[in-house]
Each structure stands twice: as C-alpha cells, then as structure tokens.
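J.: So that we are looking at the same thing, I have put the structure below in structure tokens.
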Amino acid sequence: EAGVVQSPRYKIIEKKQPVAFWCNPISGHNTLYWYLQNLGQGPELLIRYENEEAVDDSQLPKDRFSAERLKGVDSTLKIQPAELGDSAVYLCASSLGGGTPDTQYFGPGTRLTVL
Amino acid sequence: GESVGLHLPTLSVQEGDNSIINCAYSNSASDYFIWYKQESGKGPQFIIDIRSNMDKRQGQRVTVLLNKTVKHLSLQIAATQPGDSAVYFCAENSMDSSYKLIFGSGTRLLVRP
Chain A
416 EAGVVQSPRY
426 KIIEKKQPVA
436 FWCNPISGHN
446 TLYWYLQNLG
456 QGPELLIRYE
466 NEEAVDDSQL
476 PKDRFSAERL
486 KGVDSTLKIQ
496 PAELGDSAVY
506 LCASSLGGGT
516 PDTQYFGPGT
526 RLTVL
Chain B
16 GESVGLHLPT
26 LSVQEGDNSI
36 INCAYSNSAS
46 DYFIWYKQES
56 GKGPQFIIDI
66 RSNMDKRQGQ
76 RVTVLLNKTV
86 KHLSLQIAAT
96 QPGDSAVYFC
106 AENSMDSSYK
116 LIFGSGTRLL
126 VRP
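Sequence order for the protein chains is A and B. Convert by adding 415 to the 1-based position in the first sequence; the result is the number in this note's numbering. Convert by adding 15 to the 1-based position in the second sequence; the result is the number in this note's numbering.
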C-alpha cells in the first residue's frame with residue numbers, strides 16, 4: 416500500500432515569491448494534517464482536515480499561509496509571499512479519522528529553502 | 016539528505032546492545048502516546064504506541080514503558096542495529112487538546128558498528 420505522497424521533495428525560492436506544496440494521503444484516510452518542522456525540533460501542527468473541512472487551523476499563519484482540500488482527498492498548502500523564516504520542512508500526515516486513538520502516518524516532507 | 020536535529024541530545028550505543036530513549040511529556044491529561052523514528056531526509060515513521068490505561072507494550076524488538084506518575088515515557092530497543100540510527104520523537108495526544116499530537120524534543124540514536 417502506498418504511503419503519504421508529497422511533492423515536490425525540495426523547493427528553493429526567493430523571498431516574497433509564492434510556493435505551493437501538494438499532498439496525497441493514504442487511500443481511505445479521512446483526516447489530513449499539515450505540519451511544519453524546523454531543524455532540530457519536532458513537527459508542529461499547522462492545520463487538520465476532516466474530509467474537506469478544516470477543523471483546526473489555529474496554528475496556521477493566515478496572513479500568508481492557505482490550504483485547501485477541495486474533494487476531501489488531495490491537499491495543497493500555499494505560502495504567499497514566502498519569508499526567510501519559512502525555511503523548514505513541511506510534512507503532510509494522514510489518519511483514518513473517526514475515533515481515538517488515530518495513528519498518524521507521515522509523508523517524506525517538502526524541504527523549503529527561502530533565499 | 017539533510018539531517019534533522021543537528022543539535023539534539025545524542026545517545027551512542029554499540030551494535031547489539033540495548034538502547035533506552037527517554038521522554039518527559041507535559042500534559043497529565045494525555046491519554047495516548049506514540050514513538051516515531053525519523054531518518055535523515057524522511058518523514059517520521061510510526062514505531063509503537065501505548066494508551067494511558069497501560070504501562071507497558073511490546074513490539075518487535077521495541078518496548079514502550081509509560082509512567083503516568085512522573086509523566087515519563089521510554090522506548091527500549093533490543094539488540095540495536097545500524098538501521099536503528101535515527102532521531103526518535105515521542106508524541107502525546109489528549110482529548111483536551113482536540114487530539115492534536117504534541118511532539119517532544121527528539122533524541123538522536125547513533126549505533127556504533
């Protein structure tokens with residue numbers, strides 16, 4: 416069974432440019448998460464989707480970050496405009512949803528470098 | 016790939032020895048705990064989990080111990096192998112945080128051949 420797929424794996428952009436990351440969760444997983452991971456730290460949740468609904472976006476910097484999961488499957492995370500401090504690894508995870516505990520499975524991440 | 020956790024606490028063990036990685040969690044209301052392994056350039060990989068109504072759970076070569084009294088979690092790896100070298104994170108999950116996973120600071124495990 417395929418795991419969580421993310422693309423691109425690496426992205427280098429100049430500050431003030433827009434960037435987008437794509438995630439395809441494990442088939443059948445209703446819950447999708449976007450995390451940010453800074454070097455040397457554990458992942459921090461940005462947003463959680465239950466199907467197509469964003470149920471927790473309290474940690475998402477909404478002035479420049481946006482996310483969507485239009486059909487309740489794939490998701491896109493966008494940053495516009497990017498800042499130097501946005502350089503990090505952006506991880507997508509998915510879980511079955513609908514109960515607890517609900518084990519999350521992570522994709523390989525997209526490493527963003529903002530110059 | 017780029018390393019995750021260049022400044023993390025490091026545990027160095029000899030191949031074949033047992034490893035113990037410790038984690039202190041923060042929320043006394045947490046009821047579910049997970050250990051993840053993260054290799055360089057990869058996302059966290061699920062290893063083992065435990066609910067708060069248990070104090071020990073065993074998997075293949077791994078054991079997780081939970082001490083709720085002192086809010087401490089440990090991961091024991093038996094007969095550590097070079098492929099076990101990675102950064103290990105514990106994560107906690109609770110109803111009062113809307114079941115959001117809260118990750119601890121990681122520990123880098125280095126296995127000496």
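Beta carbons: idealized from backbone N, C-alpha and C, even for Gly.
Have a look at B:Phe118 and A:Pro433 and give me their C-alpha separation to the nearest angstrom.
T.: Within the second sequence, numbered from 1, the residue matching residue 118 of chain B stands at position 103. Within the first sequence, numbered from 1, the residue matching residue 433 of chain A stands at position 18. Near 29 Å, if we compare the C-alpha coordinates of A:Pro433 and B:Phe118.
J.: Could you say if the segment 502-515 of chain A and the segment 444-451 of chain A meet the contact criterion of at least three C-beta pairs nearer than 8 Å?
T.: Judged by Cβ distances under 8 Å, the segment 502-515 of chain A makes contact with the segment 444-451 of chain A, as three or more pairs qualify.
J.: State the DSSP-derived secondary structure class of B:Asp99, mapped to helix, strand or coil.
T.: Along the second sequence, read from residue 1 onward, the residue named residue 99 of chain B stands at position 84. B:Asp99: helix per DSSP, three-state reduction.
J.: When the cut-off is 8 Å and only beta carbons count, does A:Gln519 lie next to chain B?
T.: For the purposes of this step, residue 519 of chain A is taken as residue 104 along the first sequence, with counting starting at 1. Yes - at least one Cβ of chain B is within 8 Å of the one on A:Gln519.
J.: Taking the alpha carbon of B:Glu107 as the reference point, which residue from A:Pro476, A:Glu459, A:Gln495, A:Glu467 has its own alpha carbon closest?
T.: What you label residue 107 of chain B is simply residue 92 of the second sequence in a count that begins at 1. When each option's Cα is compared against that of B:Glu107, the closest is A:Glu459.
J.: Does the beta carbon of B:Val19 sit closer than 8 Å to a beta carbon anywhere in chain A?
T.: Within the second sequence, the letter at position 4 stands for residue 19 of chain B. In this prediction, B:Val19 has a pLDDT of 37, which is less than 50 and means its spatial position is unreliable; what the coordinates show is noted afterwards. So yes, B:Val19 belongs to the interface.
J.: A:Ala471 CB to nearest chain B CB: under 8 Å?
T.: Reading the first sequence from its first residue, position 56 is the one you call residue 471 of chain A. Going by the sequence as given, residue 471 of chain A is Asp instead of Ala. Yes, A:Asp471 counts as interfacial toward chain B.
J.: Going along chain A in order, which residues have a C-beta closer than 9 Å to the C-beta of B:Arg76?
T.: Against the second sequence, residue 76 of chain B aligns to sequence position 61. The premise fails here: B:Arg76 is roughly 19 Å from chain A at the closest Cβ pair, so nothing lies under 9 Å.
J.: Thinking C-alpha only, which one of A:Glu468, A:Ile441, A:Leu527, A:Gln452 is nearest A:Ile494?
T.: Residue numbering aside, residue 494 of chain A sits at position 79 when the first sequence is read from its first letter. Per the Cα distances, A:Leu527.
J.: Please decide whether A:Pro458 counts as near chain B, where near means a Cβ-Cβ distance under 8 Å.
T.: On the first sequence, residue 458 of chain A is found 43 positions in, with the first residue counted as 1. Yes, A:Pro458 counts as interfacial toward chain B.
J.: Would B:Asn33 and B:His87 qualify as a contact pair, given that the criterion is a beta-carbon distance under 8 Å?
T.: Taking the first residue of the second sequence as position 1, residue 33 of chain B is located at position 18. Taking the first residue of the second sequence as position 1, residue 87 of chain B is located at position 72. Contact: no.
J.: Can you list, in chain order, the residues of its chain with a C-beta nearer than 6 Å to that of B:Leu116? Leave out the 5 residues immediately preceding and following it.
T.: By 1-based counting over the second sequence, the position of residue 116 of chain B is 101. So the list reads Ala106, Asn108, once near-sequence residues are dropped.
J.: On a CA-only basis, which of B:Ser120, B:Ser67, B:Pro128 is nearest B:Lys52? Give me that one, please.
T.: Indexing the second sequence from 1 puts residue 52 of chain B at position 37. Measuring from the Cα of B:Lys52, the nearest candidate turns out to be B:Ser120.
J.: Going by the beta-carbon positions, is the gap between A:Ala503 and A:Val419 smaller than 8 Å?
T.: Taking the first residue of the first sequence as 1, we reach residue 503 of chain A at position 88. Taking the first residue of the first sequence as 1, we reach residue 419 of chain A at position 4. No, the Cβ-Cβ distance between A:Ala503 and A:Val419 is not below 8 Å.
J.: Along chain B, in chain order, which residues have C-beta atoms closer than 9 Å to that of A:Leu506?
T.: On the first sequence, position 91 is the one that residue 506 of chain A refers to. Chain B residues near A:Leu506: Gly58, Pro59.
J.: In three-state DSSP terms, what is A:Leu499?
T.: By one-based count along the first sequence, residue 499 of chain A stands at place 84. Of the three classes helix, strand and coil, the one that applies to A:Leu499 here is helix, per DSSP.
J.: Here's a check: name, in chain order, each residue in its chain whose Cβ is nearer than 6 Å to the Cβ of A:Lys431, leaving out the five neighbours to either side.
T.: As a working mapping, residue 431 of chain A is identified with position 16 in the first sequence. Taken in chain order, the residues that qualify are Pro496.
J.: From the beta carbon of A:Pro523, is the nearest beta carbon of chain B less than 8 Å away?
T.: Position 108 of the first sequence holds residue 523 of chain A. Yes - at least one Cβ of chain B is within 8 Å of the one on A:Pro523.
J.: Can the beta-carbon of B:Gly58 be found closer than 8 Å to that of A:Gly524?
T.: Within the second sequence, numbered from 1, the residue matching residue 58 of chain B stands at position 43. Within the first sequence, numbered from 1, the residue matching residue 524 of chain A stands at position 109. Cβ atoms of B:Gly58 and A:Gly524: closer than 8 Å.
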